[in-house]
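Engineer:
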C-alpha cells in the first residue's frame, strides 16, 4: 500500500500510486497524454507536461476541477487526493484489483468459489505455509 512521505505532497504520491496501480485495458500504465486528453474532455486545461508535474510534485496545488477530472479518469472518489482515510480505503481496494490481475491468483479464487468455510480455512492454512516455505511475508505484512 502507499506509504506517504514528507518529501512529496500527498497529491503527488497518490497520483503516482494511481498511475502505477490503475492500468488500461491492455494492462499497461496510462500515459500522461491519455490523462491530459481525458482532463481536457472535461473542460480542464491540462497538458501532458502538467500531468507529469502533478505526479512528480513539481506542481502541487491543482484546482478542484483537476482533482475531479483525475478522480474520474482513475475511478476513485475525488477526496482520495485530500483525505487520508479515503486514500487508505481506496488503496486496499486497488491492491485487491492488482492482485486479481494475476492470472494464477484469479484462477485460484474462481476455483475456490462455493467451497465451505472449513475448506477455505484449510486452503488458507496451506497458502500460509507455502508463503512461509518460500520466504514470503505474512498475508497482512505487505499491506
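Numbering (the UniProt record's numbering), first residue to last: 1 to 143. The beta-carbon is built from N, C-alpha and C at its ideal position, and this holds for glycine as well. Given the structure is predicted, the values throughout are model-derived calculations rather than measurements.
Would you mind stating whether residue 97 and residue 112 have Cβ atoms separated by less than 9 Å?
Structural biologist: No, the Cβ-Cβ distance between residue 97 and residue 112 is not below 9 Å.
Engineer: Rounding to the nearest angstrom, what Cα-Cα distance links residue 94 and residue 46 in this structure?
Structural biologist: 25 Å
Engineer: Determine whether the beta carbon atoms of residue 120 and residue 76 lie at a separation below 9 Å.
Structural biologist: no
Engineer: According to DSSP, residue 101 sits in a beta bridge with which residue or residues?
Structural biologist: Answer is none; residue 101 lacks a bridge partner.
Engineer: Relative to the C-alpha of residue 44, which candidate in 23, 73, 21, 127 has its C-alpha closest?
Structural biologist: 73
Engineer: Would you list the one or two residues that DSSP bridges to residue 29?
Structural biologist: Residue 29 is bridged to 23.
Engineer: What is the C-beta distance between residue 38 and residue 63, in whole angstroms, given that I count them as a contact (C-beta under 8 Å)?
Structural biologist: The Cβ separation is near 16 Å, so there is no contact.
Engineer: Using only the alpha-carbon positions, how far apart do residue 16 and residue 53 sit?
Structural biologist: Roughly 11 Å between the two C-alpha positions.
Engineer: Checking 9 Å against the spacing of the C-beta atoms, do residue 32 and residue 55 come in under that value?
Structural biologist: Yes, the pair counts as a contact, with Cβ atoms nearer than the cut-off.
Engineer: If you follow the alpha helix (DSSP H) that residue 117 is in, where does it begin and where does it stop?
Structural biologist: 117-133
Engineer: Taking just the CA atoms, how far does residue 79 sit from residue 129?
Structural biologist: 39 Å
Engineer: Going along the chain, which residues of its own chain have a beta-carbon closer than 8 Å to the beta-carbon of residue 36, five neighbours each way excluded?
Structural biologist: Around residue 36: 46, 47, 48, 50, 51.
Engineer: If distances are taken between C-alpha atoms only, which option among 57, 40, 26, 109 comes closest to residue 9?
Structural biologist: Taking only the C-alpha atoms, the option nearest residue 9 is 57.
Engineer: Whose C-beta lies closer than 8 Å to the C-beta of residue 191 among residues of the same chain, with five residues either side of it excluded?
Structural biologist: With the chain represented from 1 up to 143, any question about residue 191 goes unanswered, as that position is not in the structure.
Engineer: Relative to the C-alpha of residue 42, which residue among 26, 66, 24, 21 is closest?
Structural biologist: 66
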